[in-house]
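Remarks on the structure that follows.
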Amino acid sequence: MTSLAARPAGKRRRAYAPYAFIAPFYVLYALFMIVPILAAVYLSLTEWVGLGTPEFVGLRNFTDLARDTSFHKALANSLIFVAVSVFLIVPAALLIAQALNTRGLRARDLFRVTFFVPMVLSPIVIALVYSLLLDKQYGLVNAVLRALFGAGNTDWLGDPTLAKVSVGFVLMWRWVGYLTIFFLAALQAVPKERYEAAELDGAGMLRTFTAVTLPGIRPVTAFVVVTSFIGAAQLFDEPYLITGGGPGEETLTVAMFVYRAAFERQQFGYAAAAGLVLFVAVFGISQILNRVLSIGRIS
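Residue numbers (our numbering): 846 to 1144.
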């Protein structure tokens, strides 16, 4: 085998050509991914208000985070929203996709568009609409409850438990339709011969769903679960715009905690430490999920 150095100049240039084509990606990857991560690691070891030279404080930011009850609350809230996303939104999207994939369903395209519309709306518009709907005094939801049952003074955004429920409901309303598109595409790719074989074997709906449908859409399900987990763990828009993290800190997420520390309290080193903890947790758990769900492997 001839080494690159022993080849003629023209052949060496052709041998290096593929590396030249893929080099821009790695340059941009290093510039916009590796460098910011390294900068965040350095900043997490400092105390900095955004001006002047950062003061090196070692691991003090991390030890402070371990004792910070607000950070603990943010972690707990993020876990709740992750659970809502993975255990409620994903199954709901799968069931809706299964219903939309039923043969003979009329106005199927209309249902698809209806479920997908929330995804294309701006989070700000969604927050404004739901803030009006869930308002304690003037909201439409309380007005309907008052008219039907005579009990319409529910504080949907001011009660600690109901505030979480309200944010979770908005998450479902916004993301179920988006995930349904993935499941619908996967369901339509399952070979019809498998369903015909299950029908010949006398399998019922539940048996067909568990023995044919779920194995057939397993790669897409794994992808949806992992991406839903990552998105929910970094949740910011909905709770920030609808409740502002309140009441108190009942809907405060880790992403909001990082934002508050950095841009409201000018604790950039502390915010970087919290962001680094979030990054390590999300990266580690997503890698575990990738391995458990065998994403990217040929079965």
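Backbone N, C-alpha and C define an ideal beta-carbon position, used for all residues, glycine too. If you're wondering where the values come from, they're calculated on a predicted model, not measured in any experiment.
Item	Value
By the three-class DSSP mapping on this structure, what secondary structure does F1081 have?	coil
For a minimum of 4 consecutive residues, which ranges assigned as the alpha helix (DSSP H) are wholly contained in the stretch 1094-1129?	1099-1104
So the alpha helix (DSSP H) Q982 belongs to, where does it begin and stop?	Q982 -> no alpha helix (DSSP H), and no H or E assigned at all.
Give the DSSP bridge partners of V1058, in chain order.	One point to set straight first is that residue 1058 is Thr, not Val, in the sequence displayed. Looking at the DSSP assignment, T1058 forms no beta bridge with any residue, so it has no partner.
How is A908 classed by DSSP in three states: helix, strand or coil?	The identity of residue 908 in the sequence shown is Thr, whereas the question assumes Ala. Residue state, collapsed to three classes: helix.
Among the residues of its own chain, which have a CB less than 8 Å from the CB of Q984, if the five just before and after it don't count?	One detail in the question is off: residue 984 reads as Gly in this sequence, not Gln. L977, L978, W1001, listed in sequence order.
Whose C-alpha, out of L1086, E1044, L876, is nearest the C-alpha of V844?	What is shown of the chain runs 846 to 1144, which leaves residue 844 out entirely.
May I ask you to report which of helix, strand or coil DSSP gives T891?	strand
When you measure from the CB of R858 to every non-hydrogen atom of the ligand ADP, does any distance come out below 8 Å?	What this structure holds is no ligand at all, so the ligand ADP is not there to describe.
Short check: CB of N922 to CB of E1095, under 9 Å?	yes
CA-CA distance, K981 and T999?	6 Å
Just reading off the alpha helix (DSSP H) that W1018 is part of, what are its end residues?	1005-1033
Can you tell which of G1013, V1127, W1020, G1129 has the C-alpha that lies nearest to the C-alpha of P1084?	G1013
Could you spell out where the alpha helix (DSSP H) holding L924 opens and where it closes?	914-929
Is it a yes or a no for the stretch 908-925 touching the stretch 1098-1113, going by three-plus beta-carbon pairs under 8 Å?	yes
Under the rule that 16 or more other beta-carbon atoms within 10 Å means buried, what is G1080, buried or exposed?	Inspection of the sequence shows that residue 1080 is occupied by Leu rather than by Gly. Burial call: buried.
Relative to the C-alpha of F961, which residue among G1047, Y887, R1019 is closest?	R1019
Taking the alpha helix (DSSP H) that M1050 falls in, what are its first and last residues?	1050-1053
Just tell me which of A1107, A1056, T1058, Q1111 has its CA closest to the CA of G1120.	A1107
Return the first residue and the last residue of the alpha helix (DSSP H) that R951 is part of.	That residue, R951, is in no alpha helix (DSSP H); it is neither H nor E in DSSP.
According to the neighbour-count rule (16 or more other Cβ atoms, all chains shown, within 10 Å of its Cβ), is A1116 buried or exposed?	buried
Looking only at C-alpha atoms, which of A1078, F1027, V1137, F1074 sits nearest to L1154?	Because the chain spans 846 through 1144 in this model, residue 1154 falls outside it and cannot be assessed.
Using only alpha-carbon positions, find the residue among Y864, L1138, V1070 that is nearest to V935.	V1070
Alpha carbon to alpha carbon, how far is S889 from L910? Give it in angstroms, no decimals.	11 Å
In whole angstroms, give me the CA-to-CA distance for T891 and R1052.	58 Å
The alpha helix (DSSP H) with V935 in it runs from where to where?	935-945
Which value, in whole angstroms, describes the spacing of the CA atoms of V1134 and A1031?	For clarity, residue 1134 is Leu in the given sequence; the question names Val instead. Looking at the two C-alpha atoms, the distance is approximately 20 Å.
Y1170 to G1049, Cα distance in whole Å?	Examination of residue 1170 is not possible in this model, given that the chain is present from 846 through 1144 alone.
Check the DSSP bridge columns for E900 and list the partner residues they point to.	E892
Who are the Cβ neighbours of V886 in its own chain at under 7 Å, not counting the five residues just before and after it?	L1121
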